[in-house]
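Remarks on the structure that follows.
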Amino acid sequence: MATTPGLHDIPLLPGSPRRLSPRTVVRGAQGPKHGQQCLQVPSPPAQRLQSSVPQGSGQASGGGSPPNSSVINNYLEASEPVSSEARVSRMHFHDNQRKVDYVLAYHYRKRGAHPGHGSPGHSLAIVSNGETGKDPQAGAPGDIELGPLDALEEERKEQREEFEHNLMEAGLELEKDLESKSQGSVFVRIHAPWQVLAREAEFLKIKVPTKKMYEIKSQGSIAKTFNKILHKLSAPLKPRVPEHSNSRMKNLSYPFSREKMYLYNIQDKDTFFDNATRSRIVHEILKRTTCSRANNTMGINSLIANNVYEAAYPLHDGEYDSPGDDMNDRKLLYQEWARYGVFYKFQPIDLIRKYFGEKIGLYFAWLGLYTSFLIPSSVIGIIVFLYGCATIEEDIPSKEMCDQQNAFTMCPLCDKSCDYWNLSSACGTARASHLFDNPATVFFSIFMALWATMFLENWKRLQMRLGYFWDLTGIEEEEEHSRPEYETKVREKMLKESNKSVVQKLGTSGTEAEDEDDEDKLTWKDRFPGYLMNFASILFMIALTFSIVFGVIVYRITTAAALSLNKATRSNVRVTVTATAVIINLVVILILDEIYGAVAKWLTKIEVPKTEQTFEERLILKAFLLKFVNAYSPIFYVAFFKGRFVGRPGSYVYVFDGYRMEECAPGGCLMELCIQLSIIMLGKQLIQNNIFEIGVPKLKKLFRKLKDETESEEAGSAHSKHPEQWDLDYSLEPYTGLTPEYMEMIIQFGFVTLFVASFPLAPVFALLNNVIEVRLDAKKFVTELRRPDAVRTKDIGIWFDILSGIGKFSVIINAFVIAVTSDFIPRLVYQYSYSHNGTLHGFVNHTLSFFNVSQLKEGTQPENSQFEQEVQFCRFKDYREPPWAPNPYEFSKQYWAVLSARLAFVIIFQNLVMFLSVLVDWMIPDIPTDISDQIKREKSLFVDFFLKEEHEKLRLTEEPARRSQSTGRHSRRSPAASPAPSGRSQPGSSVSSGSQHTSV
């Protein structure tokens, strides 16, 4: 085994370890770096690899090597580390040539070695094309009796060896450090050479720019002039990034094909695919690479789930706060996007998409459009609020309530301890209610319904525009791999229902398992227990939310009764109870939000969805349903239920013995709804942003940093002084998806649209929050999270359907808020049906009914009444017949008139707004006209470009054929000319040459 030819005699078995002698081999014309051990790849696996890659597809980067030694894997001696001065870039292998496209990290723990086996720091472990080399003097695993942890670690090590072998069989190149300590973290660096990138880019149909560039046509003269003016005015707001400098030119893009290399302008194979695309290609290989020792076919996802590997992530493009003028995309994003000091600037969406991928780019584009749309709604909301402030002195009902000469004696608010009271004492509440309960709020509700429609329509247009510039038009849905949990469930099912031969076939052949995937799926019978558990759990969670709301109601009732017993606290009962109850609601909502998020994830796992996309969609629906009910149930109670089931004096509804249902304030429940909405909305935004999104990640980062510093001290000071990029990225938080970011904004969108009739300032607070939120999310993605995998997608998925549903639901909710909660309809009915002079004079008296105090139930009369005069009749807010009527205390005609007017308003408002929304939807096309024209023009330009390149290629191909034909004619004229059949063979050979050129 000491010679290279001897390696060819050993059969290559997938995953089988092989002993190799450590040899230093020169790669091409370059020698090994200091402290680095290299090995030439055995020719049989290399030949198999070369057979799967066309000869003309290029050599591995760092090339110059022969085909049978194109893959070399570096293992570093722990005793001889590479000096930091010798490193040109911390983004490359230690040969300073091959770029690190992906990193796998795992934690190892060694079992104790017998004395005399050598220091583990000097034993050489070399893996090349999946082969494991160990020091010949190192003990075999069977030499030592293994404990349970040692056996598990050995099993994981074998799985890693097989997986890394399969990765190299796929053409990837690996580099890792020696496991020189008793335990620690190891990073497997992965590089994708040009052959692999070209093969996978063709397989994934990745669109890449061609040689052809064209100018994007401008609009008409008026639009062009307007755009020029707008461009000049907005110049200070634009970020200083390269993508914004030359936006009028665009490359034609075409899916990558190795047979059409002449279409692309490939100047440097190392930089033709950007870092995000390279990592995406490697991630696709990692996801589909099999590992039979782990008894699954799902690759890296399963191995991480089974703790074989700890993490898998692409590298950031260097440090974001590095000193000096060297610039990378991450540093540029930090300076022009992820700092609070640039909050006034537009987002560099193209650079975000280039660095993080289309999915994250679309999220920030959506968030930016939503934030910009909040500006006009905030302005209108402020105008509505100022209108209420300006007309408060002209509001006749609040004047009548504040007029002490009217002397409306109101019935007691509770039994025994509460006395009669004057309506004028609620003057402040009535005046404050007018700020939000005025005619302008009706028009603002209509405006916000149309605003939601226009926002969604403009998002569809922006989405199409971005799809055109990002070459997302016409991309196909990528085939998704099954989730590890799904594969495990299928395997468990097969183990239960199949015989041993089927089990062996599943364990030995991953391809056969994939072929049987259509037959061996989880049916609805297998999932029925999970569905039943989901249904029961969701019902239980909703019931839990309602019971907590009811508990807060009981708290309000009992606290109000307790405070009413004390004369000192009696005057501030309503304010105290309302404020404390809202704070309790807020705390409960924040706690349940976190619980419901975890519960939704657990319930989705029980369902065992097959793919990640299905898992994400079901998780989003469950989490949204639970969080929607949690956030809005107390608001719905105040808006539509509070004060509706109180009863009347002499016949009150009691929750418990002696505790009456709570009533609305004299000015109505709209003011309380406004208080509830504002505190919950502001509280959620402030606490979740400052504590959950800033504080918790900083604490996690601090703990992780302390842990890493402890490990670095154990590993040695050299490592801590010069950390590599993969070490820095490993210390960051893992990326967990966009669901929390979207969910936070969707709930906020509900606050802005659903109850906007009661709180016109909601868009203002949402705008202020989002200005901070954009930079907060940006800073989190750039500085605190590992780099996410680039994901191509055409839209924001199920979130658009949720937004559209909230927009339609908001029309109904606002119609009922105006009709039922506010006094808009009763005032309208009184003014046009019952008023003598067409004004609101006498409206307060009209809404108050009479009650004979002698008919109060025994034991409910006020004790020790301090009221100034003797009371015979007290008033209460309702439309009922007076005590002297034939049917005392029955609902009056005014009640039915107001009720019918409320229902009529709901129907008219809903249909009017829906009609206007459909009209706006119809008037605004989903695809901008200029983008539609550009897409058609691009197709025409590409056909011309393609034909031109084909003609050029054909001309180059036919030129040797013409020369050979002319040579043949000269040879036939000479006496030594070859026979005619031989002369005809020449064109055939030239055609063959042309076909070879085509296959390159």
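In my numbering, the protein residues as written are -2 to 997.
In this text, a Cβ means the ideal position worked out from N, Cα and C, and glycines have one as well.
request  = Consult DSSP for residue 550 and reduce its assignment to one of helix, strand or coil.
outcome  = Correct three-state label for residue 550: helix.
request  = Would you mind working out which of 660, 479, 612 sits nearest residue 634, comparing C-alpha positions?
outcome  = Ranking 660, 479, 612 by Cα distance to residue 634 puts 660 first.
message = Rounded to whole angstroms, what is the Cα-Cα separation between residue 318 and residue 352?
response = Counting only the Cα atoms, residue 352 lies some 17 Å from residue 318.
key: residue 793 and residue 359 closer than 8 Å at C-beta   = Cβ distance < 8 Å, so residue 793 and residue 359 count as in contact.
key: Where the beta strand (DSSP E) containing residue 871 begins and where it ends   = Counting along the chain, the beta strand (DSSP E) containing residue 871 begins and ends at 870 to 874.
key: Own chain residues within Cβ distance below 6 Å of residue 879, not counting five before or after   = Same-chain partners within the cutoff: 847.
ask   = In chain order, which continuous runs of the beta strand (DSSP E) of length 3 or greater are located wholly inside the segment 600 to 643?
value = Within the segment 600 to 643, no complete beta strand (DSSP E) run reaches 3 residues.
inquiry  = Considering just the uninterrupted stretch of the beta strand (DSSP E) at residue 173, what are its terminal residues?
reply    = Counting along the chain, the beta strand (DSSP E) containing residue 173 begins and ends at 170 to 174.
inquiry  = Going by beta-carbon coordinates alone, are residue 647 and residue 852 separated by less than 8 Å?
reply    = Contact: yes.
request  = Measure the CB-CB distance between residue 442 and residue 822 and report whether it falls below 8 Å.
outcome  = With respect to the 8 Å criterion, residue 442 and residue 822 are not classified as neighbours on the basis of their beta carbons.
request  = Go through its chain and collect everything with a Cβ distance to residue 575's Cβ below 7 Å, but skip five positions before and after it.
outcome  = Around residue 575, the same chain offers 669, 672 as residues with beta carbons nearer than 7 Å, after the five sequence neighbours per side are excluded.
request  = Taking only the alpha-carbon atoms, compute the straight-line gap between residue 872 and residue 409 and give it to the nearest angstrom.
outcome  = So the alpha carbons of these two residues sit roughly 9 Å apart.
ask   = If you draw a straight line from the C-alpha of residue 399 to the C-alpha of residue 427, how long is it?
value = About 8 Å.
First and last residue of the uninterrupted alpha helix (DSSP H) at residue 200 = Counting along the chain, the unbroken alpha helix (DSSP H) around residue 200 starts and ends at 191 to 201.
query = What are the complete alpha helix (DSSP H) segments, minimum 4 residues, inside the segment 440 to 479?
reply = At a cut-off of 4 residues, not a single continuous stretch assigned as alpha helix (DSSP H) sits fully inside the segment 440 to 479.
ask   = Does the pairing of the segment 460 to 468 with the segment 698 to 705 give three or more beta-carbon distances under 8 Å?
value = No, because fewer than three Cβ pairs between the segment 460 to 468 and the segment 698 to 705 fall closer than 8 Å, the two stretches do not touch.
ask   = Do residue 447 and residue 914 have their CB atoms nearer than 8 Å?
value = With a cutoff of 8 Å on beta-carbon distance, residue 447 and residue 914 are scored as near each other.
task = Can you tell me which of 870, 926, 772 puts its alpha carbon nearest to the alpha carbon of residue 345?
result = Of 870, 926, 772, the residue nearest in Cα terms is 772.
ask   = Is residue 736 near residue 617, with beta carbons less than 8 Å apart?
value = Contact: yes.
ask   = Got a sec, what are the start and stop residues for the beta strand (DSSP E) residue 878 sits in?
value = Neither: residue 878 is in no beta strand (DSSP E) and is coded neither H nor E.
message = Between which residues of its own chain and residue 231 is the CB-CB distance below 8 Å, once the five residues before and five after are set aside?
response = Only 343 meet the Cβ criterion.
ask   = By DSSP, does residue 208 sit in helix, in strand, or in coil?
value = Residue 208: strand per DSSP, three-state reduction.
ask   = Looking only at DSSP bridge pairs, what is residue 784 linked to?
value = For residue 784, which the question treats as bridged, DSSP gives no partner whatsoever.
message = Which complete beta strand (DSSP E) runs does the segment 875 to 959 hold, if anything under 3 residues is left out?
response = Complete beta strand (DSSP E) runs here, min 3: none at all.
Residue 101, enclosing beta strand (DSSP E) - first and last residue = Residue 101 -> beta strand (DSSP E) spans 99 to 106.
query = Distance, Cα to Cα, residue 93 vs residue 309?
reply = Taking the straight line joining both Cα atoms gives about 22 Å.
message = Between which two residues does the beta strand (DSSP E) holding residue 849 run?
response = First-last of the beta strand (DSSP E) with residue 849: 845 to 849.
inquiry  = I'd like to check one pair, residue 278 with residue 201: are the Cβ atoms closer than 8 Å?
reply    = Yes, the Cβ-Cβ distance between residue 201 and residue 278 is below 8 Å.
query = Tell me which same chain residues have a C-beta within less than 7 Å of the C-beta of residue 656, skipping the five on either side of it?
reply = So the list reads 554, 555, 558, once near-sequence residues are dropped.
ask   = Can you round the beta-carbon distance between residue 800 and residue 453 to whole angstroms, since I take them to be within the 8 Å contact cut?
value = Confirmed, Cβ separation roughly 6 Å.
task = Can you tell me which of the three DSSP states residue 288 falls into?
result = Strand at residue 288.
Distance between beta carbons of residue 245 and residue 297, contact taken as under 8 Å = The Cβ separation is near 42 Å, so there is no contact.
Separation of residue 602 from residue 44, as counted between CA atoms = Confidence at residue 44 is low in this model, with a pLDDT of 35, below 50, so the placement of that residue should be treated as unreliable; the coordinate-derived value is given next. Looking at the backbone, the Cα of residue 44 and that of residue 602 are separated by about 43 Å.
message = Please tell me whether, using a cut-off of 7 Å, the distance from the CB of residue 893 to the nearest non-hydrogen atom of the ligand ZN is below it.
response = Questions concerning the ligand ZN fall outside what the structure shown contains, since it holds no ligand whatsoever.
key: Exposure of residue 198, with buried meaning 16 or more beta-carbon neighbours within 10 Å   = Classification for residue 198: buried.
key: Same chain, Cβ closer than 6 Å to residue 812, five either side skipped, listed in chain order   = Result list for residue 812: 903, 906, 907, in chain order.
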